[in-house]
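*Asks:*
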Amino acid sequence: MMTVKVILMKTGQYLISEIEERPEEDTDCMLINPKVVIGYIPDFVLENFIPYSYQKQIPIRSSDIITITEPMDSLLKLYRDAID
767 MMTVKVILMK TGQYLISEIE ERPEEDTDCM LINPKVVIGY IPDFVLENFI
817 PYSYQKQIPI RSSDIITITE PMDSLLKLYR DAID
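Residue numbers for the sequence shown follow my numbering, so the first one is 767 and each next one is one higher.
1. From this set, Leu797, Tyr780, Tyr818, Pro800, which residue's C-alpha is nearest Tyr806's C-alpha?
2. What number of angstroms, rounded off, separates the C-alpha of Tyr840 from the C-alpha of Pro789?
3. Just curious, the beta strand (DSSP E) that Tyr780 is in, first and last residue?
4. In this structure, does DSSP put Lys843 in helix, strand or coil?
5. When you compare each of Ser829, Tyr818, Ile804, Ser828 to Tyr845 by their alpha carbons, which one comes out closest?
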């Protein structure tokens, strides 16, 4: 079972994604199946992080992240339904 997190980016975007650390790389984080969270409880909508790509693994720099947290159950369910 994958570990899914909510990620607040410096751009103000909230993402939900699996995240892997890659300390040896310049882009030291790999987002797996990232989605942008749009809206508020209970009307969340998820969109592709990069709108014009279906790429499932997206490298980013940890310096572009403000914080990483656990998702709410309702958001986690929506995310799992979206990527299955």
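Note that the Cβ used here is the ideal one computed from N, Cα and C, for glycine as well.
*Replies:* Reading off the structure:
1. Minimum Cα distance to Tyr806 is reached at Tyr780.
2. Strictly speaking, residue 840 in this sequence is Ser, with Tyr absent from that position. Distance between the alpha carbons of Ser840 and Pro789: 32 Å.
3. Judged by DSSP secondary structure, Tyr780 falls within the beta strand (DSSP E) whose first and last residues are 780 to 787.
4. In the three-state reduction of the DSSP assignment, Lys843 falls in the helix class, which pools H, G and I.
5. Answer by Cα proximity: Ile804.
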